[in-house]
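Everything below concerns the one structure shown next.
There are 2 protein chains.
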Amino acid sequence: MKVVITGGAGFLGQRLARKILDKGRLVDSDGRASEVTSLTLVDVVAANDFGDPRVKSVVGDIADAALVREVIDAGVDSVFHLAAIVSGQAEADFDLGMRINLDATRLLLEACRAHGRRPKFIFTSSVAVFGGQLPDVVQDTTALNPRSSYGMQKAVGELLVNEYSRRGFIDGRVLRLPTISVRPGKPNKAASSFASGIIREPLNGEDAICPVPPETRLWLLSPRAAIAALLKGHELAAEGLQDSRTINLPGLSVSVAEMIEALERVAGEGVLKHLRRERDATVERIVGGWPAAWDTSRARALGLAGDADFDSIIRAYIEDDLERGPA
Amino acid sequence: MKVVITGGAGFLGQRLARKILDKGRLVDSDGRASEVTSLTLVDVVAANDFGDPRVKSVVGDIADAALVREVIDAGVDSVFHLAAIVSGQAEADFDLGMRINLDATRLLLEACRAHGRRPKFIFTSSVAVFGGQLPDVVQDTTALNPRSSYGMQKAVGELLVNEYSRRGFIDGRVLRLPTISVRPGKPNKAASSFASGIIREPLNGEDAICPVPPETRLWLLSPRAAIAALLKGHELAAEGLQDSRTINLPGLSVSVAEMIEALERVAGEGVLKHLRRERDATVERIVGGWPAAWDTSRARALGLAGDADFDSIIRAYIEDDLERGPA
């Protein structure tokens, strides 16, 4: 079985790769557990290949048609399409966002279609597809109404993956990821970057800025649970997805104030000295437009789970990242 | 004021052009009634120029970037983007539908953006953006859930027009047209073509096939009311559209049985001998997935109106087309 991960050098891509290599097998389109013989990691920078002969790292531009044709060859069984320009950057550079979040997605879908083998295609989408006047609890049937370029691009990707699946070109699965927290490493240009920073930086003895009011509610998922959901989303039988390929993953609805209380419980009062409030109108506007509560009954019925509470999300970060170090 | 109509040789494009020429003025982006000095009609075939010096007919491929740049020059104030591959054809030829319904829309939007003048951009969308499990009455907040390639392409167009408007690249308006009936001329490849054919053909003494059961409900708008809505949609102040650029136009919810009863009332029992039932599973599947009842309170609040009843739709066809002849 031949698997491709775009954004394969990113932190989710790297963790997903390691997990797939550890498992050794994935369920193929015929529903059989098959040995993973090849795992291609595509990204703009070289991915860690874990010294594993199954891994091939390809460095290049995912919006380059020639590169996409090279990577998605006739043998590909599964594509995890994680590569994206994050929300803040897609807002700052409209053309770059269109190129990577929309054009590259379409190129990948076309390459999958070209071979006529209907590969599995796992596309990560986002809470940013919603906005405007929202119901208290977002349902599966709530209208796409993005209020950012990133959200629009992800919404278009969702429509494409659903349609390419309906036509039988791919076997697609759209997983709407909650905001990932605690993300390891450095702050990025996502509007939601602070949702990791306000926990990660204090735990590392560094200062962090909280740009939104404490009552702001977020919809969160730990990296551990995200990787489990990506794999589970891949393994699901296509028959369960006939009505829609798009699944709202179960997150945890937590306010910023509750996150900080959890941080204090897990790491002690002392860490709070690293936190400073400084409101940022742009971040507040983008994040404030995202819904904070969801009906995830369909995801749960399909066997997709989230995290128990935010304390355990912090503890998972400490175990997986702070104590173990970089992947 | 310089106006462009894509699909300008089509029947809606031609009627819209004649109406704009008759009016002589349209409301520009600054809210002022301005003289229309130039009206470009773009289509794959030559448009009727009505012998009017303001009209320029451009024949070409709307998905050709060079043609789009030529047509959308720095002076353009308003674009009515009506050109499309209809539902049945977009289902039969996926690539053609993607090219015209999606790529051409994006080229036009990019050309509008390039000049930095924020032109008005009127995009016609369709009931086909909906499907799957629908509420009894479709609301403004009902989720996009297309079940056809055409519907997906229109849904993507809606998202693009909304986002390009939010970013200030255009002043967009998406008008979701009900099925147009009675459309003059010949049957086309739209799955809904019969919604005109079962009225038009009998009135012209020709035979027509009804491919769906009599209880099938349609959501209809006459050509007269459609042209009025396109113009009204253009004239609306942008301030009323901040929450969403997309408007469900008020249609008439009518069953096929009620349409045939109206035909008999208006034209006499004799015409019914031209009607034959022959079910078509593809048409039934596509049309059966469209919603038949809508909440159009927002459109009505904005001053957009539909037709009074189906009898008057038939009488309008007789006056505008049967008696007057081709445009």
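Chains as they are written, first to last, in numbering that gives the first Met the number 0: chain A, 0 to 326; chain B, 0 to 326.
For every residue, glycine included, the Cβ atom is placed at its ideal position computed from N, Cα and C.
Three-state secondary structure assigned by DSSP to residue i
i, result
"residue 331 of chain A", "Limits of chain A in this structure are 0 at one end and 326 at the other, which puts residue 331 of chain A out of reach."
"residue 323 of chain B", "coil"
"residue 31 of chain A", "coil"
"residue 252 of chain A", "strand"
"residue 214 of chain A", "coil"
"residue 129 of chain A", "coil"
"residue 236 of chain B", "coil"
"residue 201 of chain B", "helix"
"residue 50 of chain B", "coil"
"residue 287 of chain A", "helix"
"residue 100 of chain B", "helix"
"residue 44 of chain A", "coil"
"residue 191 of chain A", "coil"
"residue 308 of chain B", "coil"
"residue 164 of chain B", "helix"
"residue 75 of chain B", "coil"
"residue 231 of chain A", "helix"
"residue 266 of chain B", "helix"
"residue 94 of chain A", "helix"
Opposing strand residues paired with residue i [DSSP bridges]
i, result
"residue 171 of chain B", "B:120"
"residue 1 of chain B", "B:37"
"residue 293 of chain A", "A:137"
"residue 55 of chain A", "A:39"
"residue 80 of chain B", "B:5, B:122"
"residue 178 of chain A", "A:219"
"residue 207 of chain A", "A:274"
"residue 245 of chain B", "B:173"
"residue 25 of chain A", "A:33"
Beta-carbon separation (whole angstroms), residue i vs residue j, contact threshold 8 angstroms
i, j, result
"residue 70 of chain B", "residue 3 of chain B", "6 angstroms"
"residue 248 of chain B", "residue 176 of chain B", "6 angstroms"
"residue 289 of chain B", "residue 93 of chain B", "Not confirmed; about 20 angstroms, so no contact."
"residue 53 of chain B", "residue 38 of chain B", "5 angstroms"
"residue 76 of chain A", "residue 22 of chain A", "Incorrect: roughly 15 angstroms between the Cβ atoms, too far for contact."
"residue 306 of chain A", "residue 243 of chain A", "Actually they are not in contact, since the Cβ atoms of residue 306 of chain A and residue 243 of chain A sit about 24 angstroms apart, beyond 8 angstroms."
Euclidean distance between Cα positions of residue i and residue j
i, j, result
"residue 270 of chain A", "residue 99 of chain A", "38 angstroms"
"residue 172 of chain B", "residue 101 of chain A", "22 angstroms"
"residue 205 of chain A", "residue 160 of chain A", "41 angstroms"
"residue 132 of chain A", "residue 203 of chain B", "49 angstroms"
"residue 8 of chain A", "residue 61 of chain A", "13 angstroms"
"residue 145 of chain A", "residue 168 of chain A", "27 angstroms"
"residue 17 of chain B", "residue 49 of chain B", "8 angstroms"
"residue 236 of chain A", "residue 178 of chain B", "37 angstroms"
"residue 104 of chain A", "residue 162 of chain A", "13 angstroms"
"residue 109 of chain A", "residue 68 of chain A", "9 angstroms"
"residue 232 of chain B", "residue 180 of chain B", "20 angstroms"
"residue 239 of chain A", "residue 301 of chain A", "8 angstroms"
"residue 280 of chain A", "residue 312 of chain A", "27 angstroms"
"residue 197 of chain A", "residue 294 of chain A", "27 angstroms"
"residue 259 of chain A", "residue 251 of chain A", "15 angstroms"
"residue 323 of chain B", "residue 199 of chain B", "14 angstroms"
"residue 182 of chain B", "residue 189 of chain B", "12 angstroms"
"residue 19 of chain A", "residue 147 of chain A", "33 angstroms"
"residue 286 of chain B", "residue 191 of chain B", "7 angstroms"
"residue 335 of chain A", "residue 208 of chain A", "With chain A covering only 0 through 326, there is no way to say anything about residue 335 of chain A."
"residue 143 of chain B", "residue 51 of chain A", "43 angstroms"
"residue 125 of chain B", "residue 150 of chain B", "7 angstroms"
"residue 29 of chain A", "residue 114 of chain A", "17 angstroms"
"residue 256 of chain B", "residue 140 of chain B", "30 angstroms"
"residue 230 of chain A", "residue 89 of chain A", "27 angstroms"
Closer than 7 angstroms: residue i CB and nearest the ligand NAP heavy atom
i, result
"residue 40 of chain A", "The ligand NAP is not part of this structure, which contains no ligands at all."
Determine which residues of the segment 92-104 of chain B have a Cβ less than 7 angstroms from any Cβ of chain A, and write them out in chain order. Those would be 93, in chain order.
Which residues, in order along the segment 137-153 of chain A, keep a beta-carbon less than 9 angstroms from a beta-carbon of chain B? 138, 139, 140, 141, 142, 143, 144, 145, 146, 147, 148, 150, 151, 152
Which of the residues in the segment 226-250 of chain A, read from start to end, lie with their CB under 8 angstroms from any CB of chain B? 242, 243
Give, in chain order, every residue of the segment 158-186 of chain A whose Cβ lies closer than 8 angstroms to some Cβ of chain B. Using a CB distance below 8 angstroms, the part of the segment 158-186 of chain A facing chain B consists of 158, 159, 161, 162, 165, 166, ordered along the chain.
Closer than 8 angstroms between beta carbons: that is the criterion. Which residues of the segment 7-24 of chain B meet it against chain A? none
What residues in the segment 271-301 of chain A have a beta carbon less than 8 angstroms from any beta carbon of chain B? none
For the segment 29-43 of chain B, which residues have a beta carbon sitting closer than 9 angstroms to at least one beta carbon of chain A? none
Relative to chain A, which residues along the segment 66-78 of chain B have a C-beta separation below 7 angstroms, given in chain order? Answer in chain order: no residues at all.
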